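Engineer:
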Amino acid sequence: MTKQNVVVSDTDSQILNMAISVAVSNSTISRRRRRGRRLRRAGQSSWMLQHPSALDMFEQIIEASQGKQIVMFLDYDGTLSPIVEDPDRAFMSDSMRNTVKKLAGCFPTAIVSGRCRDKVYKFVRLAELYYAGSHGMDIKGPAKGSKYKKGSQGVLCQPASEFLPMIDEVYKLLVEKTKSTPGAKVENNKFCLSVHFRCVDEKKWSELALQVKSVLKEYPKLRLSQGRKVLEIRPTIKWDKGKALEFLLESLGYANCNDVFPVYIGDDRTDEDAFKVLRERGQGFGILVSKTPKETSATYSLQEPAEVMDFLQRLVEWKRQSVRGQALL
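Whatever position you read off the sequence shown (first residue = 1), add 7 for my numbering.
1) Considering only residues of the region 184-228, which uninterrupted beta strand (DSSP E) runs meet the minimum length of 3 residues and lie entirely inside it, listed in chain order?
2) Is there contact here, the region 121-137 with the region 80-97, by at least three beta-carbon pairs under 8 Å?
3) With 16 as the cutoff for other CB atoms within 10 Å, does Val-202 come out buried or exposed?
4) Does the distance from the CB of Val-296 to the CB of Val-315 come in under 8 Å?
5) Around the C-beta of Val-29, are 16 or more other C-beta atoms found within 10 angstroms, so that it is buried, or is it exposed?
6) From the DSSP output, in three-state form, read off Leu-258 for me.
7) Using the C-alpha atoms, what's the distance from Leu-81 back to Ile-272?
8) Within the region 112-156, note down every full alpha helix (DSSP H) run reaching 4 residues or more, in order along the chain.
9) Less than 8 Å between the C-beta atoms of Val-284 and Leu-252, yes or no?
10) Suppose only complete runs of 3+ residues qualify. What are the beta strand (DSSP E) ranges in the region 44-99, listed by chain order?
11) If we ignore side chains and look at the alpha-carbon of each, how far apart do Asp-6 and Ser-329 end up?
12) For Ile-118, verify whether its CB is less than 7 Å away from any heavy atom of the ligand SAM.
13) Look at the alpha carbon of Lys-211 and the alpha carbon of Ser-221, and state the distance between them as a whole number of angstroms.
14) Around the C-beta of Met-103, are 16 or more other C-beta atoms found within 10 angstroms, so that it is buried, or is it exposed?
15) Should Thr-277 and Phe-292 be called a contact, given that it needs their Cβ atoms to be closer than 8 Å?
16) Since Cys-123 and Gly-140 should fall inside the 8 Å C-beta cutoff, what is the C-beta to C-beta distance between them, to a whole number of angstroms?
17) Is Met-144 buried or exposed, if buried means 16 or more other CB atoms sit within 10 Å of its CB?
18) Reducing DSSP to helix, strand and coil, say where Val-302 ends up.
19) Hey, out of Pro-59, Glu-239, Leu-110, whose CA is closest to Lys-197's CA?
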């Protein structure tokens, strides 16, 4: 067999070099991605050490609550119901509703939401709960069936009543201003407003924010904040979910008690005010619902509403077993 010289043309050489470059580049990208995943896992592990799962720490939580009255505070969206694209379809499951009903039979229980109180009630449909809508600016006691109810059945607190005409006025302006942005939805929560942009093209987010700010510049008594793909507009009064928690504890007769153990479960930035109050009081604890690490004043974490339901069910079962045990003494 005769030997043949292999001649590599300039074009072939360029293709070969390009292939090598691509292979090296892909290898580098792959290594960076693996490193990124390792860093994320390391970050997740570090965060979980600081905010361990409330399910994993259930026995320790129960131990800390011994001899004290547990009081439950629950956010709605992202806590009792999943986050959905259409806020009008954020329905809670029948199993979650049944769990919350049993919970309210064991402990004083309140729903604390940024939504309008009436709308939250239509979602939950449990008359034995306390409801704090509009980030706690509209609070009402149980209509019936709660052994923890104090005083009358009517509205307990509406600290922002004077802002109602202004809120309605701004709502109409925002609806008109944002109608040119596909997917934007303005929600009137009675004492506050929400501009949802979950269904808005990401390229339009900045434009939508400017539209909202252009309306609010004429209303200095209203402030703007951001939640999970939602812009929140609220009166500039010193009232938030933390204040609502304190008010409800006072309404229940636990304002200055050392034997109360408040538990607040929520997933949003606005819930941080309640988490901070619990840390400052040195009573109870907050549980953040999140699949990703984020800065929080909560003590523990749960990943999603399904885990919230598991935690609440364990609380109910523990309480029932405790009552049965006491009955046998």
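Note that the Cβ used here is the ideal one computed from N, Cα and C, for glycine as well.
Here the structure is a predicted model, which is why all the values come from computation and not from measurement.
Structural biologist: Let me spell this out:
1) 192-195, 200-203
2) yes
3) Along the sequence shown, read from residue 1 onward, the residue named residue 202 stands at position 195. So Val-202 counts as buried.
4) In the sequence shown, residue 296 corresponds to position 289, counting from 1. In the sequence shown, residue 315 corresponds to position 308, counting from 1. Yes, these two residues count as a Cβ contact at 8 Å.
5) Stepping through the sequence shown from its first residue, residue 29 is reached at position 22. Low local confidence applies: a pLDDT of 46 at Val-29 is under 50, so the model's placement there is unreliable, with the coordinate-based value given in what follows. It is exposed - the Cβ of Val-29 has fewer than 16 other Cβ atoms within 10 Å.
6) Sequence index remark: in the sequence shown, residue 258 carries index 251 (1-based). Here the sequence assigns Ser to residue 258, which means Leu is not the residue at that position. Note: Ser-258 maps to helix in three-state DSSP.
7) Against the sequence shown, residue 272 aligns to sequence position 265. Against the sequence shown, residue 81 aligns to sequence position 74. Answer to the nearest angstrom: the Cα atoms are 5 Å apart.
8) 124-131
9) Position 277 of the sequence shown, counted from the first residue, corresponds to residue 284. Position 245 of the sequence shown, counted from the first residue, corresponds to residue 252. Yes, they are a contact pair.
10) 76-81
11) With the chain covering 8 to 336 only, the question about residue 6 has no answer from this structure.
12) For the structure depicted, the ligand SAM is absent and the ligand set is empty, with no information on it obtainable.
13) As a first step, residue 211 is located in the sequence shown; it is residue number 204 there, counting from the start. As a first step, residue 221 is located in the sequence shown; it is residue number 214 there, counting from the start. In a straight line, the C-alpha of Lys-211 is about 15 Å away from that of Ser-221.
14) Mapped onto the sequence shown, residue 103 falls at position 96. Answer is buried; the Cβ neighbour count reaches 16.
15) Here residue 277 refers to the residue found at position 270 when the sequence shown is read from its first residue. Here residue 292 refers to the residue found at position 285 when the sequence shown is read from its first residue. Not in contact: Thr-277 and Phe-292 (Cβ atoms no closer than 8 Å).
16) Residue mapping note: residue 123 aligns to position 116 of the sequence shown, counting from 1. Residue mapping note: residue 140 aligns to position 133 of the sequence shown, counting from 1. Indeed they touch by this definition, with Cβ atoms about 5 Å apart.
17) As a working mapping, residue 144 is identified with position 137 in the sequence shown. By the 10 Å Cβ count, Met-144 comes out buried.
18) In the sequence shown, residue 302 corresponds to position 295, counting from 1. A small fix is needed here, since residue 302 is Glu in this sequence, not Val. Coil at Glu-302, not helix or strand.
19) Translated into the one-based positions of the sequence shown, residue 197 becomes position 190. It is Glu-239.
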